[in-house]
């Protein structure tokens with residue numbers, strides 16, 4: 001069990017930098033992670049990485 005199981009994390013700027021790292025960490029810790037960013041390609045990349053890791 002992760003420490004954020006059952007919680008929802010809304011991450012702005014999730015396609016790169018601190019936002020990306022936060023999204024990856026929250027997902028790894030069990031949160032339902034919702035990312036927002038203007039960079040659709042970067043956001044798609046993060047979503048794929050999270051899906052592959054889970």
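In the UniProt record's numbering, the protein residues as written are 1 to 54. Don't be surprised by glycine CBs; every beta carbon is placed ideally from N, CA and C.
Here the C-alpha atom of residue 8 lies approximately 23 Å from the C-alpha atom of residue 41.
Runs of the beta strand (DSSP E) lying entirely within the stretch 18–49, each at least 3 residues long, are 32–36 in chain order.
Secondary structure at residue 15: coil, using DSSP grouped into helix, strand and coil.
Within the DSSP bridge table, the entry for residue 53 names no partner. Between the alpha carbons of residue 20 and residue 4 lies a gap of roughly 17 Å.
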